[in-house]
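K.L.:
Structure in structure tokens, see below.
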Amino acid sequence: MADTATQTPAAEPAATGALTDGFNLVIDALKLNDINTIYNVPGIPITDLGRLMQASGMRVLSFRHEQNAGYAASIAGYLTQKPGICMTVSAPGFLNGLTALAHATTNCFPMILISGSSEREIVDLQQGDYEEMDQLAIAKPHCKAAYRILHAEDIGIGIARAIRTAVSGRPGGVYLDLPGKLLGQTLDAAKGAASLVKVIDPAPRQLPAPDAVERALDVLRNAKRPLIILGKGAAYSQADDEIRELVETSGMPYLPMSMAKGLLPDTHPQCASAARSLVLKESDVVLLIGARLNWLLSHGKGRTWGDAPKKFVQIDIEPREMDSNVEIAAPLVGDIGSCVAALLAGMKKGWTPPPADWTAEVGDKVETNVARIAPRLQNTNVPMDFHGALGALRTIISERPDTILVNEGANTLDFARMVIDIHQPRKRLDVGTWGVMGIGMGYAIAAAVETGSPVLAVEGDSAFGFSGMEIETICRYNLPVCVVVFNNGGIYRGSDVNPSGGEDVATTVFVKGARYDKMMEAFGGVGMHVTSRDELIQAVNTALESGKPTLVNAVIDENAGTESGRIGNLNPQSVVTKK
Ligand code: FYN
Ligand code: ADP
Ligand code: MG
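Sequential numbering of the sequence shown, starting at 354, is according to this note's numbering.
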């Protein structure tokens, strides 16, 4: 038993003689807070914790690498508004999970990384313990908060604190350090039960100030060329009906950021995705809803945004987001549901839709751009190119709109974002704020586990490699995931040559004719190898129909693809040629 009690319960429960321990208290504390799914890689000192969790009825999914378990937990948090839990062993396992924790924090997804750790006394004196590392200190800069629990009677409050920190305000990652010794500590069972904490109202509504609402409405009313930008914060907030009503009542064109696609169907008449450049340049007032003016929006300034003066209205739960890049004329700090409802209530008292010449100009541009790419999306070239292959998948997603699309790569990402319309909220999951490669299989697994929906993961061949081993996990849990690998034999493309003329292939090139489908077969899933559009359609429909783990190796022209896709501007090129 722990020697110091840091919490004194109001009424000390009578001791019964029965014992509990750290393992069971962690489980009881999570379950009390409706957390029933764990993404983990077992090992010292958390193997028995995972085993006991499973025995207690929790769903414990074991991965092949902690980073993938972490990405799964991060997107589980995004999809459910409950912190996704990733559990790892100490030092190296912890570090493997930490990338995903930082990713969750950067993307504003609630997640808790729980890692076992070595003996504090030895770690702190640096005496060389098994997997010795000061994990708490290392985690701190990469998450919202890092906590360590030393005494079994603090497990209840420690887990409550981790949950509230992850989901309240701007969601993000929390690190929770559980030294191996803690798990074995015993405590009187009645005292243990009394120490548990159920988090009441973990993400309280945050109402915007009435004067801030009036200010925002004023700015919006005076707009001649208004634009709404929806970000993944808007999708996260699950205020789907209110957001749709606001967009439709306002009559303004809207631009969804990639993971906000589908919040309203991409085919909505007000959707300005296909007129992106035009609306960013020409708009005079921009209402940001759960979207940051970071690199993905060119920091709200410069050529992308044109010369005309612009006013921004920004809805965000994080006050410090305001003025992060440019002046925000009307900051609206609060949760998206409450802020949108307040704006709507104001609009309903009197509202004039934006000038028709603006909405017509945007509509015309959308029509022109859509018509321009339409023939390319129908092409039946062999080998396939990105447009032809994605045109086929676009039709499949429109016929199966409840499918969750996971998407990563460079060209595979950029073209898929443009080509594949999304029809329902939170059905597009991608690389997010960092443009990270490796989210693919972790996201696909968590999407299937958390929602039960079919998952289609459209992966560049390079991107797939970062998490490819998890197809064993997909097979093991028999998840309804269809992975399509866009196989052009390399990073960006497969046709680069070694500039030195040496024996090695170019730095961006992979094995020619790789058969990723055979990997899936190795684990008992279905593998398919396709070279034409018709074969691709047939394969993906069969996979989604069957719900069986499937990998479709889709051969794409090795010359198709540009370096860094649509963000080549961020990719420095040397102008000095060395002999
Ligand atoms: C969009 N567009 C369309 C459509 N949708 N045309 C026709 N039909 C449809 N449905 C047009 C749109 O108007 C743009 O043309 C163009 O297609 C591209 O649109 P997109 O993709 O929305 O815009 P863009 O410029 O690429 O957006 C910038 C960005 C985006 C930074 C937000 O590139 C992005 O999310 N990038 C993430 C990249 C990333 O993370 N990569 C991983 C690392 S890869 P115009 O209006 O004419 O401009 C490592 O190398
Ligand atoms: P995108 O990449 O799609 O533009 P970002 O991740 O940049 O989206 O922005 C999401 C924003 O949404 C963050 O600034 C975050 O603080 C905010 N946010 C997340 N959840 C909520 C919520 N429930 N209410 C208000 N703002 C939220
Ligand atoms: Mg490739």
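For glycine and all other residues, C-beta sits at the position ideal for the given N, C-alpha and C.
Rounding to the nearest angstrom, what Cα-Cα distance links Arg404 and Pro395 in this structure?
P.N.:
If you number the sequence shown from 1, residue 404 lands on position 51. If you number the sequence shown from 1, residue 395 lands on position 42. So the two alpha carbons sit approximately 9 Å from each other.
K.L.:
Identify whether Ala355 lies in helix, strand or coil by the three-state DSSP scheme.
P.N.:
Position 2 of the sequence shown, counted from the start, is the residue given in the question as residue 355. With a pLDDT of 42 at Ala355, under the threshold of 50, the predicted position of this residue should be treated as unreliable, and no value is reported.
K.L.:
Quick one: complete beta strand (DSSP E) runs, 3+ long, within the segment 733-814?
P.N.:
Listed in chain order, they are 757-761, 781-783, 808-813.
K.L.:
Express the C-alpha separation of Lys435 and Asp356 in angstroms, rounding to a whole number.
P.N.:
Locating residue 356 in the sequence shown gives position 3, where the first residue counts as 1. Locating residue 435 in the sequence shown gives position 82, where the first residue counts as 1. Unreliable placement is indicated for Asp356, whose pLDDT of 44 sits below 50; the coordinate value is still reported in the next sentence. Answer to the nearest angstrom: the Cα atoms are 33 Å apart.
K.L.:
For Val850, I'd like the list of residues in its chain whose CB is within less than 7 Å of its CB, leaving aside the five on either flank, ordered along the chain.
P.N.:
To locate residue 850, count along the sequence shown from 1; it is residue 497. Same-chain partners within the cutoff: Ala859.
K.L.:
Does the distance from the CB of Ala569 to the CB of Leu646 come in under 7 Å?
P.N.:
Here residue 569 refers to the residue found at position 216 when the sequence shown is read from its first residue. Here residue 646 refers to the residue found at position 293 when the sequence shown is read from its first residue. Result no, Cβ atoms of Ala569 and Leu646 do not sit closer than 7 Å.
K.L.:
Taking 6 Å as the cut-off, is the C-beta of Ser815 nearer than that to any heavy atom in the ligand MG?
P.N.:
Position 462 of the sequence shown, counting from 1, holds the residue named residue 815. Yes, the Cβ of Ser815 comes within 6 Å of a heavy atom of the ligand MG.
K.L.:
Is Ala627 near the ligand FYN, judged by its Cβ being under 6 Å from some heavy atom?
P.N.:
Counting from 1 along the sequence shown, the entry for residue 627 is found at position 274. True, at least one ligand heavy atom lies under 6 Å from that Cβ.
K.L.:
Answer with buried or exposed for Pro662, where buried requires no fewer than 16 other C-beta atoms within 10 angstroms of its C-beta.
P.N.:
Residue 662 sits at position 309 when you count from the first residue of the sequence shown. Result: exposed.
K.L.:
Determine the closest residue to Gly469 out of Thr765, Leu631, Met881, Thr441, with distance taken between C-alpha atoms.
P.N.:
Working through the sequence shown from its first residue, we reach residue 469 at position 116. When only C-alpha atoms are compared, the closest one is Thr441.
K.L.:
Answer yes or no: the CB of Leu649 versus the heavy atoms of the ligand FYN, is any distance below 6 Å?
P.N.:
On the sequence shown, position 296 is the one that residue 649 refers to. Leu649 Cβ: within cutoff of the ligand FYN.
K.L.:
Would you list the one or two residues that DSSP bridges to Asn906?
P.N.:
Along the sequence shown, read from residue 1 onward, the residue named residue 906 stands at position 553. Its beta-bridge partners are Val838, His882.
K.L.:
For a minimum of 3 consecutive residues, which ranges assigned as the beta strand (DSSP E) are wholly contained in the segment 523-603?
P.N.:
Those beta strand (DSSP E) runs which fall completely within the segment 523-603 and span 3+ residues are 526-532, 539-541, 579-583.
K.L.:
Ends of the alpha helix (DSSP H) at Thr459?
P.N.:
Along the sequence shown, read from residue 1 onward, the residue named residue 459 stands at position 106. Element bounds for Thr459: 444-460.
K.L.:
Pull the bridge partners of Met440 from the DSSP assignment, please.
P.N.:
Sequence index remark: in the sequence shown, residue 440 carries index 87 (1-based). Asn393, Ile467.
K.L.:
Helix, strand or coil: how does DSSP classify Asp688 here?
P.N.:
Within the sequence shown, numbered from 1, the residue matching residue 688 stands at position 335. If DSSP states are grouped into helix, strand and coil, Asp688 belongs with coil.
K.L.:
For Asp507, count the other beta carbons within 10 Å of its own beta carbon; 16 or more makes it buried, fewer makes it exposed. Which is it?
P.N.:
Locating residue 507 in the sequence shown gives position 154, counting from the first residue. By the neighbour-count rule (16 or more Cβ atoms within 10 Å), Asp507 is buried.
K.L.:
Taking only heavy atoms of the ligand MG into account, decide whether any of them is closer than 6 Å to the Cβ of Gly843.
P.N.:
Start at 1 with the first residue of the sequence shown, and residue 843 comes out as number 490. Yes, Cβ of Gly843 sits closer than 6 Å to a heavy atom of the ligand MG.
K.L.:
Near Ala973, which residues of its chain fall below 7 Å by C-beta distance, leaving aside the five closest residues on each side in sequence?
P.N.:
Examination of residue 973 is not possible in this model, given that the chain is present from 354 through 932 alone.
K.L.:
Which class does Val862 belong to by DSSP, given the choice of helix, strand or coil?
P.N.:
Here residue 862 refers to the residue found at position 509 when the sequence shown is read from its first residue. Val862: strand per DSSP, three-state reduction.
K.L.:
Lys664 by DSSP, collapsed to three states: which one?
P.N.:
Here residue 664 refers to the residue found at position 311 when the sequence shown is read from its first residue. Correct three-state label for Lys664: strand.
K.L.:
Using 6 Å as the cut-off, classify the Cβ of Val862 as near or not near the heavy atoms of the ligand FYN, replying yes or no.
P.N.:
Residue numbering aside, residue 862 sits at position 509 when the sequence shown is read from its first letter. No.
K.L.:
How about Ile689 and Ser603: are their beta carbons less than 7 Å apart?
P.N.:
Numbered from 1 along the sequence shown, position 336 holds the residue referred to as residue 689. Numbered from 1 along the sequence shown, position 250 holds the residue referred to as residue 603. No, the pair does not count as a contact, with Cβ atoms beyond the cut-off.
K.L.:
Taking all protein chains shown into account, do 16 or more other C-beta atoms lie within 10 angstroms of the C-beta of Thr458, making it buried, or fewer, making it exposed?
P.N.:
The sequence position of residue 458 within the sequence shown is 105, counting from 1. By the neighbour-count rule (16 or more Cβ atoms within 10 Å), Thr458 is buried.
K.L.:
Taking the beta carbon of Gly914 as the centre, do at least 16 other beta carbons fall within 10 Å, making it buried, or is it exposed?
P.N.:
Residue 914 sits at position 561 when you count from the first residue of the sequence shown. With 16 or more Cβ atoms within 10 Å of its Cβ, Gly914 is classed as buried.
K.L.:
Output yes if chain D places a C-beta closer than 7 Å to the C-beta of Leu448; else output no.
P.N.:
You won't find chain D in this structure, because it holds only one protein chain.
K.L.:
Can you name, in chain order, every residue of its own chain whose Cβ lies under 7 Å from the Cβ of Ala769, other than the five neighbours on each side?
P.N.:
Position 416 of the sequence shown, counted from the start, is the residue given in the question as residue 769. Closer than 7 Å at Cβ, skipping near neighbours: Leu743, Asn760, Val811.
K.L.:
Cβ of Val784 versus every heavy atom of the ligand FYN: is any distance shorter than 6 Å?
P.N.:
One-based indexing of the sequence shown puts residue 784 at position 431. Val784: yes, Cβ under 6 Å from the ligand FYN.
K.L.:
Is it the case that the Cβ atoms of Gly537 and Ala382 are separated by a distance below 7 Å?
P.N.:
Locating residue 537 in the sequence shown gives position 184, counting from the first residue. Locating residue 382 in the sequence shown gives position 29, counting from the first residue. Not in contact: Gly537 and Ala382 (Cβ atoms no closer than 7 Å).
K.L.:
How far does the alpha helix (DSSP H) with Asp374 in it extend, from its first residue to its last?
P.N.:
Taking the sequence shown and counting its residues from 1, one reaches residue 374 at position 21. Here Asp374 belongs to no alpha helix (DSSP H); instead the beta strand (DSSP E) covers 372-374.
K.L.:
Write down the C-beta distance between Val566 and Ala682 rounded to the nearest angstrom, noting that I regard them as a contact closer than 8 Å.
P.N.:
One-based indexing of the sequence shown puts residue 566 at position 213. One-based indexing of the sequence shown puts residue 682 at position 329. Not really, about 14 Å apart at Cβ, beyond 8 Å.
K.L.:
Using the Cβ count rule (16 or more neighbours within 10 Å means buried), how would you classify Ser626?
P.N.:
Indexing the sequence shown from 1 puts residue 626 at position 273. Buried.
K.L.:
Determine, using beta-carbon pairs with one atom in the segment 515-529 and one in the segment 497-504, whether at least three such pairs fall under 8 Å.
P.N.:
With the cut-off at 8 Å, the segment 515-529 and the segment 497-504 touch.
K.L.:
To the nearest angstrom, how far is it from the Cα of Asp669 to the Cα of Leu641?
P.N.:
Counting from 1 along the sequence shown, the entry for residue 669 is found at position 316. Counting from 1 along the sequence shown, the entry for residue 641 is found at position 288. Going from the Cα of Asp669 to the Cα of Leu641 covers about 8 Å.
K.L.:
If we ignore side chains and look at the alpha-carbon of each, how far apart do Arg430 and Asn449 end up?
P.N.:
Walking along the sequence shown from the start, residue 430 turns up at place 77. Walking along the sequence shown from the start, residue 449 turns up at place 96. Note on identity: in this sequence residue 430 is Gly, with Arg being the wrong assignment. The alpha-carbon atoms of Gly430 and Asn449 are separated by roughly 19 Å.
K.L.:
Is any non-hydrogen atom of the ligand ADP found closer than 6 Å to the C-beta of Ile670, if you look at the structure I gave you?
P.N.:
Your numbering for residue 670 matches position 317 in the sequence shown. For the ligand ADP, at least one heavy atom lies less than 6 Å from the Cβ of Ile670.
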